[in-house]
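Read the structure below first, then the notes.
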Amino acid sequence: MGDIAVVGIDCAFPGAAGVQAYWDLLVGGRAGIGPVPGQRWDPREFPAVGDSGGFLDDADVFDSDFFSVTPREAAAMDPHQRLLLPCAWRALEDAGRAPGALAGSGTGVFVGVMGGEWGRLTMSDLAQVTPLLGSGSSAGMAANRISYHFDFTGPSLAVDTSCSSSLVAVHLAANSLLAGECDTALAGGVNVVLSPSLGLVYGQLGLAAADGRCKPFSADADGIGRSDGVGLVVLRRLEDALAEGARIYAVLRGSAVNQDGRSNGMIAPNRWSQERVLNAAYRRAGVAPAEVAFVEAHGTGTVLGDAIECAALGSVHGVPRETPCAIGSVKGNLGHTEGAAGIAGFIKTALALHHRIVPASLFAERENSRLRLGERGLRLLKSPARLPRGEIIAGVSSFGMGGTNAHAVLASAPRSPRAVPGRARADPGAAGVFTVSADTPEALCRNLAAQADALAARPKGGAAALCRSSNRVKTGLPHRFALTARDTGELVDGLRRAVALRTPAPGELRAAADRPWGRPVVAFLFTGQGSEYPAMTAGLYRESPLYRSHFDAADKALAAHLGASVRAAVLAGEEWTGVPELVQPALFAVGYALARTLTDLGVTPAAVLGHSLGEYAAAVTAGVLDLDEAAALVALRARLTAALPPGGGMITVAAAPDMLAPALAAEPEVVAAALNGPADTVLSGPLDALARVEKELTGLGVRTRELAAPYAFHSALMAPVAAGLRAAPVPCAPAALPVASTRYGRMLRDEPMDAGYWAGQAEEPVLFDAALGALVHDIAPTHLIEIGPQPQLTRIAARAGRLGGAELLHPAPGPEGTGRDLAETVAALYRCGLDPEWEELYAPEHRVPEALDPYVFSSAQRYWDRPPATVGPSAERRPEAPPQPVVSRETESDGTGGGDPVLVAVVEAVTEVGGYPVERVVREARFHEDLGFDSVMIMQLKNRVEARLPRVGEVSVQQMLPALRSVGSLAEFLDGVIMARSA
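In short: position in the sequence shown from 1, add 17, done, that's the working numbering.
Following this line, the structure appears as structure tokens:
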């Protein structure tokens, strides 16, 4: 059998809500047994069952809004299904996957669930049967419910082999992975003790413990105590998990399932079958029984069951070995979780291998001597056992009451250098973006607080690996948060500030500004000459491997034409900005590398604009030129420019060209070289003529400023450069992106960016203001990102009032710029709806999994609409009434119709079908996404709307479909139908 990696876990057992709480309960030697909750039954009415057991504290809690389940459907759902949905979400998060990212995948779901008690309790009164009870009461739909809500298309099946159900589910999931039916599988089980009925059966069979506690292998063992529980593991083929760098708890080496056949009783255990399933599992795993260090036994604490199991274990493991095989059973801590018993033991074993310590077995201090464990080569764990170095092999058994037996063989995870926490050996100061997402503003605040508390409890260190894990796990929900941080202290402080900002004062409404309603529309603005400075982008080059790789690629392409390295010049920090042959290539290299870095991070521009020299990198980004072609042109332009005679210069003038006309008429050699804004003009020409123009303008009160430009760019003095460019071969391609041409002052049409274009571009004015205006008009960008070593164009655009409401971003904002600024650029775009390629933001040493606390679901909604079980007739149920207590959305809103009778009728029909409070059903509420309506509910809605609005007549579902976008759109459609039929 091939190896299967356990990469994710989630569970909830009595006294242990979560994986860490479960482990703490085990190593602390505690039990989760307590009194029977009043909502289950009155133990005084069932003395044969006892007054205690293992019960989940919040088995009735379900965040129905998160899973888009209506309150009415949630109330009809089997609690097993309600427990599985959040458990599946958290298990996938623990596996380092954002659950939403797996939507549409062939992920398999295998769930062990014992019996169908909810169906018997809810469907026995035939007069009260509803479609929601039909789907909600089926135990067979336990796995299907996960597949439906998560949009998984792989194998999906519920397994009922009684007490071995969940370990059989793991076995089937592993085989499905090995057969290639799925690449990821969720496997486990769930159990909720809904009534005392099975407890009565155990009592009549003499199998029920008087105190509700299982005491496996103990002299005090007197039977079974029943318990709740839910647990799921995420499984991957080992080679896939290793290739992905996933955290691996343990490795499933092999498993086997068999049946007792015709034994000495339908529900009696069979020693020989148990021996056979153990040996079959070891054969499939390729291990010998002597290699097995410990076995998590079935261990129910019944006299007969313990005796037969120990005989089978001893027969298989009682071979010559250095130390006896250790055994124990988690049922001493939890009780018998029945359909979830196998997964409880499986998770315990995986955690023991992961932490390299095996918890003690409760009640072992009074070992049952009649089991003859020592003679059989077995040792009951009376205290925790530390595991030695190297690979450890363990077994897990689970046996069904009907004779279906299962055994799984687990091994410790393979050691890997990638398993070393990133903070331990990576740059502790690297910046990352920590992300959190949630389904509501309240949930976002709740989860921000949970992450802050969890991170504050960790050792202090770098934040990059944590941030990377949050990007993989904590994204995908509508309300988004992103914070740039270098270390955990800064991260915790930022999270707590965010919580404070989002926590309204009493009586205030909570702001809901964290939800983007679309994707950002981004335009790149490429800076031209004049933005250079020594060591430009050196901080980013040092901290970002991605930027470094692209800058190096540009340097290599340029060096072939320059005979020198711009990288060496730039990073040396020396004064090189007066060397014309290097300035233009260096600026091109920065522009190219920044643009490629952003596009690799998933920031795809909707349009590009380049200012003068910046158009070369813009052309590469638009697909007009490739890197080598652009490098050759830029190097040629630099050489031609360096060959120009001295004597030219440029000044910037705070005036419009028409105001400058008289002064320019007197000095024909001075021209407007760049029109950057309505009152932002750059003049170019011979130095003596520029001085006379500047003196005249200053006398008129016009502000001027001399630019550090050694040449009269974009003037007639650039004719030799233009001539040289015109003669160069330029194999250009059509633009793949819209290009705002600063040569033409408009969006580029079909004109090629050929040699003629670049020649004209060198000596003609830069029409930046007009080009930016055309870009904003045609593209309507939400964000303008300046691509250059420091901000210039964004400031010019802001002065000119050309932003059109766009936000300005700069990933390299000047000499102090570092990788943090790049990270903040990506964070800002994520907050506005971008789904970045997060992996590219991090150095390889930070691409290691870090455990984060799971999603915190709302506990405000509780569903347990059945009265406690009694010995008398069941209380009458009224399923047509809204579920009690009333379930409300965390954020309430008004706008339910007011005086609009059609809208009021639609709202009333929605509340009746879905069971929502009326204040929840607002005009903007969407039927599928917000209200969780499916096709059956839509049909019920149609019937109720027609009954409330007789003037509508009969409307088919097909006619209604286009209007089912929201409550308001349906009301508008029906209003139109009424008007049309009244005409």
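Ideal Cβ positions, reconstructed from N, Cα and C, are used throughout, including at glycine.
- Message: I need the straight-line Cα distance from Val641 to Asp767, nearest angstrom please.
- Response: C-alpha separation (whole angstroms): 12 Å.
- Message: Can you tell me whether Met16 is helix, strand or coil according to DSSP?
- Response: Residue 16 falls outside the range modelled here, since the chain spans only 18 to 1000, and no answer is possible.
- Where His578 sits in the DSSP three-state scheme: Reduced to three states, the DSSP call for His578 is helix.
- Please go through the same chain and pick out, in chain order, the residues whose beta-carbon is closer than 8 Å to the beta-carbon of Ala772, but skip the five residues on each side of it. Scanning its chain for C-beta atoms nearer than 8 Å, with the 5 sequence neighbours on each side dropped, one finds around Ala772 the residues Leu742, Arg743, Ala744, Ala745, Pro746, Val747, in chain order.
- Task: Enumerate in chain order the residues of its own chain whose CB-to-CB distance from Leu810 is below 7 Å, with the five nearest sequence positions on each side excluded.
- Result: Exclusion of the five residues before and after Leu810 leaves Leu542, Thr544, His628, Glu803 as the residues of its chain whose Cβ lies within less than 7 Å of its Cβ.
- Between which two residues does the alpha helix (DSSP H) harbouring Thr366 extend? Segment 358-372, the alpha helix (DSSP H) holding Thr366.
- Item | For Val86, the nearest candidate out of Arg943, Gly479, Ser986 (CA to CA) | Among Arg943, Gly479, Ser986, the Cα nearest to that of Val86 is on Arg943.
- Message: If I measure Cβ to Cβ from Arg656 and keep anything under 7 Å in the same chain, skipping five residues before and after, which residues do I get?
- Response: So the list reads Glu598, once near-sequence residues are dropped.
- Task: Using only alpha-carbon positions, find the residue among Leu653, Glu723, Arg720, Leu215 that is nearest to Ala65.
- Result: For Ala65, the closest C-alpha among the options Leu653, Glu723, Arg720, Leu215 is that of Leu215.
- Query: Tell me which same chain residues have a C-beta within less than 7 Å of the C-beta of Ser876, skipping the five on either side of it?
  - Reply: Around Ser876: Asp75, Val78.
- Touch check for the segment 842-859 and the segment 603-621: three-plus C-beta pairs under 8 Å? Counting C-beta pairs closer than 8 Å gives three or more between the segment 842-859 and the segment 603-621, which meets the contact rule.
- Task: Tell me, please, whether the segment 507-524 touches the segment 695-706 by the rule of three or more beta-carbon pairs shorter than 8 Å.
- Result: No, they do not touch.
- With 16 as the cutoff for other CB atoms within 10 Å, does Val437 come out buried or exposed? Per-residue confidence for Val437 stands at a pLDDT of 43, beneath the threshold of 50, marking its modelled position as unreliable; the derived number appears in the next sentence. That one is exposed.
- Query: For Trp40, which three-state DSSP category applies?
  - Reply: In the structure shown, Trp40 sits in a helix (DSSP, three-state: H, G or I).
- How should Met283 be labelled, buried or exposed, when 16 other C-beta atoms within 10 angstroms of its C-beta is the threshold for buried? Counting Cβ neighbours within 10 Å, Met283 comes out exposed, since fewer than 16 surround it.
- Message: On the criterion of 16 or more Cβ atoms from any shown chain inside 10 Å, does Val974 qualify as buried, or is it exposed?
- Response: Exposed, by the Cβ-count rule.
- Message: Using 8 Å as the cut-off, can you tell me whether the segment 299-307 makes contact with the segment 334-351, which would need three or more C-beta pairs spanning the two stretches below that distance?
- Response: Because the criterion of three Cβ pairs below 8 Å is met, the segment 299-307 and the segment 334-351 touch.
- What did DSSP end up calling Asp456 once you bin it into helix, strand or coil? It is coil, neither helix nor strand.
- Pairwise C-alpha distance: Val756 and Ala817: The straight-line gap from Cα to Cα measures roughly 20 Å.
- Task: Following the continuous alpha helix (DSSP H) through His334, name the residue where it begins and the one where it ends.
- Result: Segment 320-334, the alpha helix (DSSP H) holding His334.
- Item | Length of the line joining the Cα atoms of Tyr872 and Ala606 | Cα to Cα, the separation comes out at about 43 Å.
- Message: I need the boundaries of the alpha helix (DSSP H) containing Cys104, first residue and last residue.
- Response: Note, Cys104: alpha helix (DSSP H), 96-111.
- Query: Is Thr354 buried or exposed, if buried means 16 or more other CB atoms sit within 10 Å of its CB?
  - Reply: Thr354 comes out buried.
- Message: Bridge partners for Met764 per DSSP, in chain order?
- Response: Partner(s): Ala757.
- Are the beta-carbon atoms of Ala357 and Val347 separated by less than 8 Å? Inclusion of Ala357 and Val347 in the CB contact set at 8 Å is not warranted, their separation being larger than that value.
- Message: Are the CB atoms of Val53 and Gly70 within a distance shorter than 8 Å?
- Response: Result yes, Cβ atoms of Gly70 and Val53 sit closer than 8 Å.
- Query: Can you check whether the CB of Val938 is closer than 8 Å to the CB of Gly262?
  - Reply: Cβ distance not < 8 Å, so Gly262 and Val938 don't count as in contact.
- To the nearest angstrom, report how far apart Pro523 and Tyr550 are at their CA atoms. The alpha-carbon atoms of Pro523 and Tyr550 are separated by roughly 52 Å.
- Chain-order list of residues whose beta-carbon lies under 6 Å from that of Val994 (same chain, five-residue window excluded): Result list for Val994: Val969, in chain order.
- Given His686, which residues of its chain have a CB within under 7 Å of its CB, disregarding the five upstream and five downstream residues? Correcting the residue type first, residue 686 is Glu in the shown sequence and not His. Apart from the 5 residues on each side of it in sequence, Glu686 sits with its Cβ closer than 7 Å to the Cβ of Gly702, Pro703, Ala706 in its chain, given in chain order.
- Task: Kindly list the residues whose CB is nearer than 7 Å to the CB of His166, restricted to its own chain and excluding five residues on each side of it in sequence; keep chain order.
- Result: Answer for His166: Phe84, Leu102, listed in chain order.
- Task: Just tell me which of Ala159, Lys491, Ala740 has its CA closest to the CA of Ala660.
- Result: Considering only alpha carbons, the answer is Ala740.
- Cβ-Cβ separation, Trp40 to Leu368 (assumed contact under 8 Å), whole Å: Indeed, because the Cβ distance is near 5 Å, the residues count as touching under 8 Å.
- Item | Length of the line joining the Cα atoms of Val538 and Gly407 | Approximately 53 Å, taken between the alpha carbons.
- Is it buried or exposed for Leu143, if we count other Cβ within 10 angstroms and need 16 for buried? It is exposed - the Cβ of Leu143 has fewer than 16 other Cβ atoms within 10 Å.
- Work out the CA separation of Gly790 and Ser81 for me, nearest whole Å. Approximately 48 Å, taken between the alpha carbons.
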